[in-house]
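K.L.:
Numbering (this note's numbering), first residue to last: 196 to 449.
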């Protein structure tokens with residue numbers, strides 16, 4: 196499918212999962228009374244010292260709509276903008292903001308196109324696992340660097356590419372079947388579909404594993420220096436017995 200972005204957008208407009216459930220009033224009150232706690236990946240929270248390194252509090256939540264991270268940042272005093280390609284995800288942020296009397300600027304936008312912001316606008320860009328849904332990361336990292344202020348921080352969570360070497364249906368839904376290597380990486384579901392090797396389930400959309408070189412060098416070559424990272428694990432599936440399936444990086448714009 197050439198317009199895979201549209202299918203992925205439709206998926207996020209209609210799917211119900213852990214990432215589409217807005218925080219309740221009670222959950223946000225708990226946030227108000229405790230140190231900031233947000234996640235870039237499954238299985239581990241972002242170290243609070245990452246936020247302590249920031250020079251300001253103007254933050255872009257990149258592809259993290261859903262009424263979860265945005266309200267947390269807002270209740271902690273950040274100047275929050277959320278950019279997401281899913282209108283329904285942005286509506287959840289708007290709903291929570293209205294309910295709680297918070298200010299959140301929501302912008303519908305596509306990470307594969309120029310970001311609708313001026314140069315050096317943000318102190319922090321917070322990007323939870325999402326670039327798995329775009330085929331080419333070149334624009335994302337170039338634009339992220341452009342809209343960050345000098346000394347600004349880019350926090351990114353992404354999938355460890357090795358997990359895509361296995362059939363996801365067997366990993367998640369067929370615990371009695373033997374795990375066998377099936378796909379080479381980088382995994383590209385659009386190309387595999389075109390070759391007739393897989394059928395795309397609209398409930399999950401198109402996914403792309405990307406290489407570590409693409410993820411990490413993609414940041415470094417755009418004037419960003421990595422100053423920290425961590426790994427985490429989703430223990431809901433059996434690959435977690437063999438290694439961590441998520442990576443989070445912290446970079447600073449030079």
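A virtual CB, placed ideally from N, CA and C, is assigned to each residue, including glycine.
#1: Give the list of continuous alpha helix (DSSP H) stretches no shorter than 4 residues that lie fully inside the region 221-269.
#2: What's the gap between the Cα of residue 290 and the Cα of residue 329?
#3: In chain order, what are the residue ranges of uninterrupted beta strand (DSSP E) at least 3 long that sit wholly in the region 263-304?
#4: On the three-pair Cβ rule with 8 Å, is the region 304-313 touching the region 277-284?
#5: For residue 425, list the residues DSSP reports as bridge partners.
#6: When we look at the beta-carbon of residue 287 and count the other beta-carbons within 10 Å, is it buried (16 or more) or exposed?
#7: Please classify residue 255 as buried or exposed, where buried requires at least 16 neighbouring CB atoms within 10 angstroms.
#8: Can you tell me whether residue 272 is buried or exposed, with buried defined as 16 or more other CB within 10 angstroms of its CB?
#9: Helix, strand or coil: how does DSSP classify residue 448 here?
#10: Would you grab the beta carbon distance between residue 218 and residue 262 for me? Rounded to a whole angstrom, and I think it's under 8 Å.
#11: Whole angstroms is fine: what's the gap from residue 406's alpha carbon to residue 317's?
#12: Pairs of beta-carbons, one from the region 399-416 and one from the region 431-449, closer than 8 Å: are there three or more?
P.N.:
Let me spell this out:
#1: Runs found: 243-247.
#2: If I take the Cα positions, the gap works out to 27 Å.
#3: Within the region 263-304, the runs of beta strand (DSSP E) at least 3 residues long that lie entirely inside it are, in chain order, 274-279 and 299-303.
#4: The region 304-313, when compared against the region 277-284, does touch it at the 8 Å Cβ threshold.
#5: Its beta-bridge partners are 443.
#6: Around the beta carbon of residue 287, a 10 Å sphere encloses 16 or more other beta carbons of the protein chains shown; the residue is thus reported as buried.
#7: So residue 255 ends up on the buried side.
#8: So residue 272 ends up on the exposed side.
#9: Reduced to three states, the DSSP call for residue 448 is strand.
#10: With a Cβ gap of about 6 Å, residue 218 and residue 262 count as contacting.
#11: Straight-line Cα distance between these residues: approximately 27 Å.
#12: A contact exists between the region 399-416 and the region 431-449.
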